[in-house]
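Take a look at the structure set out below.
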Amino acid sequence: MQMSRIPDELRDSLPEDLADAEIVGTETADVDENVRLWGPPGSGKSTQSGLRTATRAVEEDIRPGDMTVVTYRKSLAGVVKRRLTEWGVVEEDDSFDYWATIHAAASRATDFHERFPPHDERGELEGMTGRRAEYRFCKKLGLSHDPAVPWEETRWTVFTDLYQYAKNNLLGVGTYENVPEEAQRSVGADLVAQRKLDAFYEEWGSSADFHAVAEAWEDFKRHHNCYDFWEQLDAALGGRLPPMKHVVIDEYHDATPLMAAVTGRWVRDAETAIVAGDPDQVVNGYAGADPGFFEELGARSGEDIPIVKLSRSWRCPDEHFAAAERVLSAERPAPDLETAGPGKLFRHPAGHFETDDSGRWSFPSPGEKGSPAWLYEEFSDDILYLTRTQKQADGVAAALDAAGVIYESQPTVGGDWEKRTRLLGVLTMLENVEPPQESTPRMINGLTDRGEPNIEKFSLTVEEAKLLAKHSHGNYIDDRATLRSYLNRLDPETETVPLTEWDAYITPKWWLRYTNGAASIAELSGLPERDTHAMRKAAGRYDLPIDMADVDTRILTIHASKGVEAADVVVYDGVTGSITDGMDESPLLRENEARTWYVALTRASERLHILRDAFSYTKPYLPADLEPRAASTAKGRRSA
171 MQMSRIPDEL
181 RDSLPEDLAD
191 AEIVGTETAD
201 VDENVRLWGP
211 PGSGKSTQSG
221 LRTATRAVEE
231 DIRPGDMTVV
241 TYRKSLAGVV
251 KRRLTEWGVV
261 EEDDSFDYWA
271 TIHAAASRAT
281 DFHERFPPHD
291 ERGELEGMTG
301 RRAEYRFCKK
311 LGLSHDPAVP
321 WEETRWTVFT
331 DLYQYAKNNL
341 LGVGTYENVP
351 EEAQRSVGAD
361 LVAQRKLDAF
371 YEEWGSSADF
381 HAVAEAWEDF
391 KRHHNCYDFW
401 EQLDAALGGR
411 LPPMKHVVID
421 EYHDATPLMA
431 AVTGRWVRDA
441 ETAIVAGDPD
451 QVVNGYAGAD
461 PGFFEELGAR
471 SGEDIPIVKL
481 SRSWRCPDEH
491 FAAAERVLSA
501 ERPAPDLETA
511 GPGKLFRHPA
521 GHFETDDSGR
531 WSFPSPGEKG
541 SPAWLYEEFS
551 DDILYLTRTQ
561 KQADGVAAAL
571 DAAGVIYESQ
581 PTVGGDWEKR
591 TRLLGVLTML
601 ENVEPPQEST
611 PRMINGLTDR
621 GEPNIEKFSL
631 TVEEAKLLAK
641 HSHGNYIDDR
651 ATLRSYLNRL
661 DPETETVPLT
671 EWDAYITPKW
681 WLRYTNGAAS
691 IAELSGLPER
701 DTHAMRKAAG
711 RYDLPIDMAD
721 VDTRILTIHA
731 SKGVEAADVV
741 VYDGVTGSIT
751 DGMDESPLLR
761 ENEARTWYVA
771 LTRASERLHI
781 LRDAFSYTKP
791 YLPADLEPRA
801 ASTAKGRRSA
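Once you know that position 265 of the sequence shown is 435 in the working numbering, the rest is easy, because the numbers rise by one and skip nothing.
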């Protein structure tokens with residue numbers, strides 16, 4: 171029997187679910203040697219990276235401050251840290267400066283941010299570009315910044331879409347600090363860039379000059395001492411390296427050319443490099459990610475970096491993988507994978523989603539079979555809704571809003587439930603407050619009520635107070651500017667707003683309007699009808715207050731779902747005409763599309779739900795007989 175490679179000290183601290191865990195592939199590459207971990211969905215790439223890192227830390231007494239542990243996606247940057255902390259290998263107060271996103275690690279190594287003082291109270295633009303800088307640039311050029319609805323385009327959005335793509339793909343646009351001219355390709359040499367350039371001319375007119383606009387934007391940034399994300403990586407191509415004792419790079423299949431150039435430099439200089447990825451899953455392909463960076467890393471870096479393939483999925487059920495395998499294998503060979511056993515695969519009627527010119531959605535009613543709310547009620551609140559585009563995701567979100575279902579979503583999709591739940595929590599707390607005697611009594615069931623004043627027992631956080639001030643009607647605030655000035659002086663980390671202090675800035679009638687719990691939602695000011703309706707419905711559905719950290723319901727585009735899993739996953743079939751056109755023009759885009767849907771079909775741990783023909787403007791992508799064929803394939807394999 172082969173001895174465990176995991177040291178006893180580490181083995182003793184592993185949780186019960188990892189009691190029998192082993193490090194895969196040590197015969198190919200030991201823990202102190204370079205390795206590429208090729209991990210299909212649910213195969214535990216992060217766990218294997220963590221076990222290798224933990225073993226080396228224990229055996230060689232390597233501390234977190236000597237390591238660089240990065241991924242390209244912020245939401246996944248802390249996975250290895252959480253595991254090693256749970257295992258007792260590292261402590262919370264250790265130095266984790268370089269356990270971050272690739273951009274953050276690059277910036278810290280080069281002291282990039284030292285060039286850009288933080289924003290000051292005068293509203294200067296120094297530092298990372300944001301909406302203020304973009305708006306000012308657009309105003310200077312006479313451009314419209316925001317589209318009428320998020321999924322439409324303006325001249326600014328089509329410009330910045332191409333500009334950011336060009337920079338992350340090392341195309342010859344504008345100026346770079348450390349990318350040599352010979353490493354830059356022309357915009358015309360990149361099919362995706364050329365399509366984006368066509369969109370630019372369609373919006374700006376045929377006489378427009380994209381390169382001139384790019385130079386104007388870069389001049390603007392230099393003048394105002396601000397920068398884009400890509401500039402952090404450009405600086406890292408020539409600056410100081412992060413800690414090189416032990417380097418872990420996750421999700422490497424989603425690296426863009428600029429990311430690959432930076433991380434390739436790190437791999438060459440690392441004492442030991444662990445590079446994890448799955449070239450069959452690519453969700454960053456729209457930004458220029460190329461699975462070849464993972465597959466060809468050894469040749470590109472000039473280092474010996476053998477591949478260890480993880481051959482078992484601990485999450486993905488047999489039926490789900492059979493469906494995903496079929497979609498992927500139309501464009502590239504699917505992996506040989508031992509899957510997690512039987513799972514459920516459903517097809518439901520989708521109903522019909524439609525939006526008018528103002529962005530207002532019509533959608534299936536909450537009680538209709540197959541509707542988003544019906545799926546939530548029928549199956550689980552640990553549910554993930556996936557669509558190909560943000561517009562589709564917004565339609566699903568609108569249906570859940572109508573039913574008062576609280577969800578997490580991308581910033582430009584659906585409602586802001588972070589804000590909504592904070593307001594609901596504040597109103598719930600205020601329901602227990604008895605206002606000062608001189609205030610107007612509040613109404614309960616048509617009767618006035620006055621108890622003993624108790625406002626001295628309650629406080630708001632600074633953020634809650636700012637949000638409440640913003641959405642309280644102006645008639646009930648004595649001086650909004652004075653209140654705003656008071657709140658801006660407070661430190662959100664250390665100070666609160668006692669209701670006794672709050673009372674000094676509001677009128678007596680404020681207490682009448684805002685201490686009636688859910689009934690006070692209607693009194694909030696400056697909220698769209700969609701927000702107030704969703705909040706009223708949610709108040710009847712949930713026990714309030716509710717913390718968004720406890721919400722497992724999510725709505726994401728497939729591109730945002732990498733690394734995410736749920737007991738139930740709802741996949742809305744359908745691609746837009748422009749996606750179809752791209753696939754017709756380019757084998758690379760066609761292959762990336764198959765990879766994208768492979769991701770979607772492998773997110774569920776228990777039940778996968780397929781919904782078709784929900785959006786009239788999309789075309790089917792998934793095979794019409796996907797579900798029965800996948801179920802039959804999975805059953806046949808289990809009986810073989």
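Where is the CB? At the ideal position from N, CA and C, for every residue including glycine. Source: prediction; values computed, not measured.
Note down, in chain order, each residue of its chain lying with its Cβ closer than 7 Å to the Cβ of residue i, except the 5 sequence neighbours on either side.
i      : result
Lys415 : Ile232, Asp236, Met237 and Glu441
Ala224 : Leu180, Leu254, Trp257 and Val259
Lys636 : Leu657
Pro449 : His423, Pro461, Phe464 and Glu465
Pro606 : Pro623, Ile625 and Asp673
With distances taken from CA atoms, which of the options is nearest residue i?
i      : options                           : result
Arg410 : Pro536, Phe282 and Arg365         : Phe282
Pro662 : Tyr684, Leu630, Pro678 and Ala689 : Leu630
Cys308 : Thr330, Ala318, Trp321 and Met298 : Thr330
Ala774 : Phe516, Met599 and Ala369         : Phe516
Ile187 : Pro211, Leu341 and Thr217         : Reading off the sequence, residue 187 comes out as Asp, not Ile. The option with the nearest alpha carbon to Asp187 is Thr217.
His643 : Val667, Leu682 and Glu671         : Leu682
Cys486 : Arg777, Leu792 and Ala363         : Arg777
Ala189 : Thr198, Ala199, Ile176 and Ala572 : Ile176
Pro715 : Met599, Ala303 and Arg301         : Met599
Leu653 : Gly358, Tyr675, Gly574 and Ala303 : Tyr675
Ala573 : Lys561, Leu545 and Gln580         : Leu545
Tyr346 : Leu403, Gly375 and Glu323         : Leu403
Asp420 : Tyr335, Glu489, Lys589 and Ala270 : Ala270
Val228 : His273, Thr196, Ala406 and Asp182 : Asp182
Ala431 : Trp767, Ala737, Ala353 and Glu524 : Ala353
Arg306 : Trp387, Tyr242 and Glu322         : Trp387
Ser535 : Arg470, Asp571 and Trp400         : Asp571
Thr666 : Thr677, Asp673 and Val632         : Val632
Ala520 : Asp743, Asn204, Asp717 and Ala369 : Asp743
Ala276 : Glu634, Arg435 and Tyr646         : Arg435
Ile691 : Lys589, Ser731 and Leu759         : Lys589
Arg226 : Asn686, Asp202, Arg470 and Tyr242 : Asp202
Glu192 : Trp208, Asn204 and Gly220         : Gly220
Lys251 : Tyr242, Pro234 and Lys244         : Pro234
Thr727 : Asp754, Asp564, Gly752 and Pro512 : Asp564
For residue i, I'd like the list of residues in its chain whose CB is within less than 8 Å of its CB, leaving aside the five on either flank, ordered along the chain.
i      : result
His641 : Leu593, Leu694, Ser695, Gly696 and Leu697
Ala764 : Val497, Leu498, Ala500, Glu501 and Arg502
Trp484 : Gly212, Ser213, Gly214 and Ala510
Ala363 : Leu332, Tyr335, Ala336, Asn339, Leu341 and Val357
His518 : Lys539, Gly540, Leu545, His779, Ile780 and Leu781
Arg650 : Ala639 and Gly644
Arg724 : Ile553, Leu554, Tyr555, Tyr577, Glu578, Ser579, Val734 and Ala736
Ile647 : Ala639, Leu653, Tyr675, Ile676, Thr677 and Trp680
Arg111 : Within the shown structure, residues of the chain are numbered from 171 to 810, placing residue 111 beyond reach of any answer.
Around the Cβ of residue i, are there at least 16 other Cβ atoms within 10 angstroms (buried) or fewer (exposed)?
i      : result
Glu495 : buried
Leu361 : exposed
Asn602 : exposed
Thr582 : exposed
Thr591 : buried
Tyr787 : exposed
Asp379 : exposed
Asp835 : Here the chain covers residues 171 to 810 and nothing more, so residue 835 does not appear.
Asp673 : buried
Asp713 : exposed
Glu797 : buried
Ser265 : exposed
Thr664 : exposed
Cys655 : What sits at residue 655 in the sequence shown is Ser, not Cys. The residue is exposed, with fewer than 16 neighbouring Cβ atoms inside 10 Å.
Residues in its own chain within less than 6 Å of residue i by CB, not counting five upstream and five downstream?
i      : result
Gly455 : Asn762
Asp267 : Arg278
Ala384 : Tyr333, Val343 and Gly344
I want to know whether the segment 690–706 touches the segment 543–558 - three or more CB-CB distances under 8 Å. At 8 Å Cβ cutoff, the stretches do not touch.
Where are the beta strand (DSSP E) runs, 3 residues long or more, that stay fully inside the segment 249–314, in chain order? Correct list: 269–271.
I'd like the ranges of any alpha helix (DSSP H) spanning at least 4 consecutive residues and lying wholly in the segment 452–528. Correct list: 462–465, 467–471 and 488–499.
Can you list the beta strand (DSSP E) stretches of 3 or more residues lying completely in the segment 526–588, in chain order? Considered as a whole, the segment 526–588 harbours 553–557 as its complete beta strand (DSSP E) runs of no fewer than 3 residues, in chain order.
If contact is defined by three or more beta carbon pairs under 8 Å, each pair taking one atom from either stretch, is the segment 363–382 in contact with the segment 313–328? Look at the beta carbons and you see the segment 313–328 touching the segment 363–382: at least three pairs across the two are nearer than 8 Å.
Ignoring anything shorter than 4 residues or poking outside the segment 340–405, list the alpha helix (DSSP H) runs there in chain order. You should have 361–374 and 380–394.
Write down every uninterrupted run of the alpha helix (DSSP H) in the segment 592–667 whose length is 4 residues or greater and which is fully enclosed by it, in chain order. Runs of the alpha helix (DSSP H) inside the segment 592–667: 632–641 and 650–658.
Taking the runs of the alpha helix (DSSP H) that are 4 residues or longer, which of them lie wholly in the segment 208–243? As far as the segment 208–243 is concerned, its whole alpha helix (DSSP H) runs of at least 4 residues are 215–230.
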